[in-house]
Each structure stands twice: as C-alpha cells, then as structure tokens.
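Position one of the sequence shown corresponds to residue 320 (our numbering), numbered consecutively onward. All C-beta atoms, glycine included, are put in the ideal place defined by N, C-alpha and C. Quick caveat: nothing in here was measured; it's all calculated off a predicted structure.
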Amino acid sequence: MQAAAKKWQVDGYIGIGGSVKRAFLLLGILGLSGIGQAYAERGDQFWLLKGGMLWVSSDDPDTLNTLGLTYGYGITQGISLELDYDRSFAGGAYRQDAEKGEYKTWLISGNLAYRHRLYSDIYAKAKLGYSYGGLSRSSDTKANRDDAVDGVNGSLGLGYLAGALVGTSTTFELFYTRHTKDISSVMLGVNLTF
C-alpha cells in the first residue's frame, strides 16, 4: 500500500511538473513583454507572478501550494483595479478517522487595490474585492465533491520597489488574503520588466 502511495506521489508531481513549467513559461513571456511595474500610475498596466501557500479551514488539510497571476490597471497614483487568478498545484492532503483524500482549489478575484508609500522604496497595500472559484475534495471512502466558493475578499501586504536590484521596474509584494470564509493565503508576488 505504501509503495502504491509513493508511486502516486511521484507520478502526480511529474504530471504536475509539466503544467507548472508551462505556467512559468507563460509568466516569463508576460514578464518580458515590457508592461509597467506593479506600483501603477494612472493608465499603467502590470502583470504580477505570485506563488505561495493557501489554507482551507474544513477537514484541516495540509497547506496547498499555489501559483497565481495578477493583472492590474492603474486608475490614479496608488489606486488600481486588479484581476487575480490563483490555482493550487500540490499539497492539500487530509486524513480523518478512516477517511483520507486531497483538496484542490482555483480562484478568480476582482479587486480595488490601494497603495500607500511608506518609504522611498516600500509601500503598504490593501485590496478589497470579490472571489469566485472551485474547491474540490477527493475521498477514498465517500463521493468526491466539487463546490463553488465565492465571497468578499480582502488583502493586506507590503511591497518593495527593487529597481536598483534587477531593473528599473521590478516589484516584490508579500500579502495575506482572506478569499472566502473558508480559504485564506499568503503570497509573494514578483513583477519583472526588462
């Protein structure tokens, strides 16, 4: 039984690896496209690649590893509209009594974001919006479940403008998001423009 479980894990990660490689390739192309930095001015557009950890409160599963992408459009200095997409790619296993399984999730969020510069290169960020997505739960003893999830979401975070490190418009953002009443995450976002 353990050998079968170990084989499944290896096969699962190899299968996932192809989609992760495709995601990084797409995000690399977007990064090379020259769209402006994540600290947006009026009319600016930006892409932010992000990775992190996501928690689901029901059944106490392991942390889910996620990849995501944010598209933003600057309305005024410090205020932007942002569209986020996040998807889990590993983790999420749970065990309860005689049952075990795995969670997977994807989320799309529309947000209004506000940035306030704290120092010359550091800013605080707050986002408020609405999330919609799917939460699937596999089980070895019960029927698998696919649930729609939605709700008001909010984020708080810090950003760092690291132009001197990599390029004139490189940005790093670290933020906590409460997506729905059952789902929250911590993400690190990186915007690279050359």
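Segment limits, beta strand (DSSP E) that includes residue i
i, result
"Lys369", "Gln364 to Val375"
"Tyr404", "Ile398 to Gly410"
"Leu388", "Leu383 to Thr395"
"Leu437", "Here Leu437 belongs to no beta strand (DSSP E), and DSSP marks it neither H nor E."
"Thr496", "Thr490 to Arg497"
Chain B contact for residue i (CB, 8 Å cutoff)
i, result
"Leu368", "Absent from the structure: chain B. Only one protein chain is present."
Identity of the residues DSSP links to residue i by a beta bridge
i, result
"Ser458", "Gly420"
"Asn510", "Thr490"
"Lys446", "Ala432 and Ser474"
"Asp465", "Ser455"
Inter-residue Cα distance where the pair is residue i and residue j
i, j, result
"Gly397", "Leu437", "12 Å"
"Ser503", "Gly470", "12 Å"
"Asn472", "Thr496", "7 Å"
"Ser399", "Phe408", "28 Å"
"Trp366", "Lys461", "40 Å"
"Gly393", "Asp416", "50 Å"
"Leu480", "Ala443", "11 Å"
"Arg406", "Gly387", "6 Å"
"Glu418", "Gln364", "46 Å"
"Leu383", "Lys369", "14 Å"
"Met506", "Leu477", "11 Å"
"Asp379", "Val468", "17 Å"
Residue i classed as buried or exposed, judged by whether at least 16 other C-beta atoms fall within 10 angstroms
i, result
"Ile441", "exposed"
Cβ separation of residue i and residue j, assumed to be a contact under 8 Å, to the nearest whole Å
i, j, result
"Gly452", "Thr424", "6 Å"
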